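Working notes, structure below.
Shown next as structure tokens:
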């Protein structure tokens with residue numbers, strides 16, 4: 062894509078009220094627009110990143126049997142009243158809205174209730190199990206404060222997978238499969254090394270659950286890590302009982318700040334009991350369906366990547382989620398050699414490489430600054446100087462020093 | 062995909078309160094779930110169709126310079142107050158919701174206001190124009206009644222493109238380009254023959270606008286068609302002046318019911334004036350940006366395809382948007398020949414064909430009924446009988462008579 066056509070512009074300064082690093086960089090780079098605290102629109106570059114993250118998540122969900130659906134924002138109160146979660150005293154961050162003609166609707170912050178109700182039409186026998194619906198869908202939470210940029214939104218993109226199985230044992234097996242899929246996702250989007258499957262309290266349905274925590278000083282959570290034992294514990298849930306249950310007595314832990322990028326909950330039969338989702342087992346006996354839920358904050362994940370991988374010059378996108386693979390920066394605009402840059406652009410695109418082509422008629426300093434801010438993995442610079450040498454200047458966003466390469470060497474490196 | 066794994070089931074009966082044909086068939090086939098009137102979740106088959114329609118729309122929007130964004134549902138009142146559209150007396154189908162800590166937010170039914178505001182950060186000079194942001198995003202309308210299934214939703218997927226240009230002449234030129242792109246879309250999704258670019262009143266910003274109307278007895282609109290002149294007029298906007306303006310005096314028109322699947326509006330400078338979106342022209346003079354908006358109801362389009370192309374047995378998907386290309390129906394399940402069907406399934410998938418494989422252990426009648434209901438374009442039946450003949454039975458959903466083909470002939474037909 063020609064950068065002169067891209068309708069967004071970079072900004073020298075972030076909005077004054079934007080305190081989080083991830084949102085400052087994403088706004089300055091033209092990835093997102095802040096509509097209000099915790100509510101961000103995705104601009105073309107930001108949507109490209111989000112689509113790439115979503116594609117990786119879909120692949121991993123499909124690989125473990127997930128079937129994608131798209132549930133609605135608007136929620137009828139009935140199934141939520143059955144589980145007790147309609148009450149604003151129980152769930153204190155509902156957005157609710159009045160339906161013309163009477164009645165109040167909710168804006169979904171999760172989808173256990175409507176999915177459990179929906180599956181009553183589809184699950185009758187043990188033969189209809191298991192079912193693993195998932196979605197990548199926009200959720201809403203009426204947060205009193207939202208100051209962490211993309212990391213705590215009032216409106217945010219979420220991947221939520223649900224498991225409907227015959228019994229707790231099967232749910233436990235699937236929990237392990239999802240843990241592996243989740244770690245694959247975090248690896249593939251570039252934060253595998255700093256993300257930990259973390260033991261935490263299971264809430265009301267089970268003794269323990271799994272959180273996925275990414276190390277970051279900007280995180281709202283604190284975890285305890287043993288690199289030795291390859292284990293992490295949510296600090297708030299640390300207890301003698303937990304250490305005993307996981308055979309971790311006497312282990313030394315390091316305390317670190319972290320961002321929760323995913324979680325897994327065993328739900329047992331709470332929702333299926335309340336809403337009446339049962340199946341007939343092999344003996345014809347009615348049994349409640351056993352459930353689990355598995356979340357990844359997709360918008361938060363994008364924010365976490367920016368928060369943890371950026372440097373003082375800007376964003377550093379991993380190749381897997383970068384909006385483009387190559388940033389071709391031409392210093393030949395408005396010279397008689399400008400066609401040389403066009404030719405190189407065409408050659409790269411024809412080789413199947415995603416290129417953002419900076420063909421804007423502005424100064425070299427501004428171009429290089431923008432390239433660092435936008436954070437595309439490979440920068441290719443073409444100028445009078447490189448032309449004279451019969452080369453282009455190739456630089457990885459993560460390296461300080463550029464390399465001089467001829468066109469064939471360049472294509473070879475990139476394809 | 063193996064149908065035995067698909068968590069949704071077909072239904073013999075639609076919900077009693079579902080009066081529209083499109084929703085009856087989509088619910089019965091397991092494409093959508095009705096959450097409440099005008100609010101439908103997409104199940105795996107339905108999401109596949111919606112994704113294919115969306116992909117076609119994206120290709121056509123990208124081809125005319127569209128840049129995809131994703132705006133938010135939650136709306137701050139400020140820009141809407143400037144254009145006068147925040148007032149419930151002016152826009153009577155807002156959903157609104159209260160923000161914890163004070164203030165009221167809207168749920169967007171369109172995005173002129175926030176986009177115009179957003180572009181103030183990015184458009185300063187004539188060099189920054191034009192800009193064509195578009196999105197495929199969920200919109201909300203607080204309809205008093207919603208009885209037309211996917212065709213009039215309270216929550217619905219919409220494609221909305223906006224043009225920001227230097228003057229009205231440029232907007233008019235782009236209007237023509239979008240009209241061509243829209244007709245391409247309607248052709249590609251299978252309703253080109255029955256869809257008309259229709260002259261209608263332009264509302265407050267211009268004398269005329271363009272609607273895209275698809276013939277259907279289920280439509281809420283009425284249009285006047287001249288096949289002779291290849292022209293259509295919205296009946297409500299028919300007038301002597303219009304006939305004169307388009308040189309149509311004395312032309313004979315047929316009256317038909319129709320569904321509005323898309324529309325184009327010239328917005329002039331109403332929004333840019335109110336919100337203050339200007340650019341400096343070549344002489345350094347401040348000018349208001351000239352705008353247009355271009356909508357397609359994506360959910361409504363899916364409903365319209367079902368409404369207009371189905372028959373008494375079920376849905377008839379055009380190949381371009383069908384959830385799968387081939388429905389492989391095995392009558393060999395639980396026989397000693399079941400592996401033959403598995404092999405054929407593998408062979409088709411390995412040839413790059415999208416296949417729904419009915420490997421369910423149910424009767425032949427039910428399988429064939431479901432195949433007609435689900436409406437996949439090509440049905441391939443394998444049974445003891447076809448095996449004996451060394452063939453499979455191949456039937457187009459739109460043909461009455463099947464053909465016997467051997468495997469090579471089959472692959473040749475499909476690849």
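Chains as they are written, first to last, in my numbering: chain A, 62 to 476; chain B, 62 to 476.
Glycine included, every Cβ here is placed at the ideal spot set by N, Cα and C.
In this text, all values refer to a predicted model and were calculated from it rather than measured experimentally.
Beta-carbon separation (whole angstroms), residue i vs residue j, contact threshold 8 Å
| i | j | result |
| --- | --- | --- |
| residue 386(A) | residue 439(A) | 6 Å |
| residue 442(A) | residue 454(A) | 4 Å |
| residue 218(B) | residue 359(B) | 4 Å |
| residue 280(B) | residue 320(B) | 4 Å |
| residue 69(B) | residue 104(B) | 5 Å |
| residue 376(B) | residue 382(B) | Residue 376(B) to residue 382(B), Cβ: 11 Å. No contact. |
| residue 394(A) | residue 420(A) | 6 Å |
| residue 187(A) | residue 289(A) | At roughly 43 Å, the Cβ-Cβ gap does not stay under 8 Å, so residue 187(A) and residue 289(A) are not in contact. |
| residue 168(A) | residue 135(A) | 7 Å |
| residue 140(A) | residue 294(A) | Their Cβ separation, rounded to whole angstroms, is 34 Å, which puts residue 140(A) and residue 294(A) out of contact at 8 Å. |
| residue 370(B) | residue 379(B) | 7 Å |
| residue 183(A) | residue 132(A) | The Cβ separation is near 14 Å, so there is no contact. |
| residue 232(A) | residue 351(A) | 5 Å |
| residue 196(A) | residue 130(A) | 5 Å |
| residue 272(A) | residue 287(A) | Not a contact, Cβ separation roughly 16 Å. |
Simplified DSSP state of residue i, which is helix, strand or coil
| i | result |
| --- | --- |
| residue 520(A) | With chain A covering 62 to 476 only, the question about residue 520(A) has no answer from this structure. |
| residue 299(A) | coil |
| residue 190(B) | coil |
| residue 366(A) | helix |
| residue 392(B) | coil |
| residue 461(A) | coil |
| residue 359(B) | helix |
| residue 429(A) | helix |
| residue 309(A) | coil |
| residue 70(B) | coil |
| residue 400(B) | helix |
| residue 174(A) | helix |
| residue 436(A) | coil |
| residue 78(B) | coil |
| residue 280(B) | coil |
| residue 413(A) | coil |
| residue 112(B) | helix |
| residue 375(A) | strand |
For residue i: DSSP bridge partner residues
| i | result |
| --- | --- |
| residue 63(B) | 418(B) |
| residue 43(B) | No information on residue 43(B) is available, as it lies outside the stretch 62 to 476 that chain B covers here. |
| residue 348(A) | 340(A) |
| residue 332(B) | Bridge partners of residue 332(B): none, in fact. |
| residue 94(A) | 102(A) |
| residue 273(A) | 258(A), 323(A) |
| residue 353(B) | 224(B), 327(B) |
| residue 168(B) | 135(B), 156(B) |
| residue 442(B) | 390(B), 454(B) |
| residue 316(B) | 285(B) |
| residue 466(A) | 453(A) |
Where residue i meets chain E, residues with beta-carbon distance less than 7 Å
| i | result |
| --- | --- |
| residue 396(B) | In the displayed structure, chain E is absent; the protein chains listed are A and B. |
The ligand FMN heavy atom lying under 8 Å from the CB of residue i
| i | result |
| --- | --- |
| residue 413(A) | The model on display carries no ligand, and the ligand FMN is accordingly not part of it. |
**Request:** Output, in sequence order along the chain, the residues in the stretch 208-228 of chain B whose CB is closer than 7 Å to any CB in chain A.
**Result:** Those residues of the stretch 208-228 of chain B that come within reach of chain A (Cβ to Cβ, closer than 7 Å) are 215, 216.
**Message:** To be precise: take each residue of the stretch 248-265 of chain B, compare its Cβ to all Cβ atoms of chain A, and keep it if any distance is under 8 Å. Which residues remain?
**Reply:** For the stretch 248-265 of chain B, there are no residues whose beta carbon sits under 8 Å from a beta carbon of chain A.
**Request:** Quick one: which unbroken alpha helix (DSSP H) runs of 4-plus residues sit fully inside the stretch 183-264 of chain A? Chain order, please.
**Result:** Segments of the alpha helix (DSSP H) lying fully in the stretch 183-264 of chain A: 229-249.
**Item:** the stretch 76-104 of chain B: positions lying closer than 8 Å to chain A by Cβ
**Value:** Those residues of the stretch 76-104 of chain B that come within reach of chain A (Cβ to Cβ, closer than 8 Å) are 91, 94, 96, 97, 100, 101, 102, 103, 104.
**Item:** Where the stretch 125-139 of chain B meets chain A: residues whose CB sits under 7 Å from a CB there
**Value:** The residues in question are 128, 129, 130, 131, 132, 133, 134, 135, 137.
**Request:** Jot down the residue ranges of each uninterrupted beta strand (DSSP E) in the stretch 123-162 of chain A, minimum 3 residues, whole runs only, in chain order.
**Result:** Within the stretch 123-162 of chain A, the beta strand (DSSP E) runs of at least 3 residues that lie entirely inside it are, in chain order, 156-159.
**Asked** For the stretch 65-76 of chain A, which residues have a CB atom closer than 9 Å to at least one CB atom of chain B, in sequence order?
**Response** Answer in chain order: 65, 66, 67, 68, 69, 70, 72.
**Asked** Taking Cβ-Cβ distances below 8 Å as the criterion, which residues of the stretch 187-200 of chain A are in contact with chain B?
**Response** Only those residues of the stretch 187-200 of chain A whose C-beta falls short of 8 Å from the nearest C-beta of chain B are listed: 189, 192, 193, 194, 199.
**Asked** For the stretch 102-122 of chain A, which residues have a beta carbon sitting closer than 7 Å to at least one beta carbon of chain B?
**Response** Listed in sequence order: 102, 103, 104, 105, 108.
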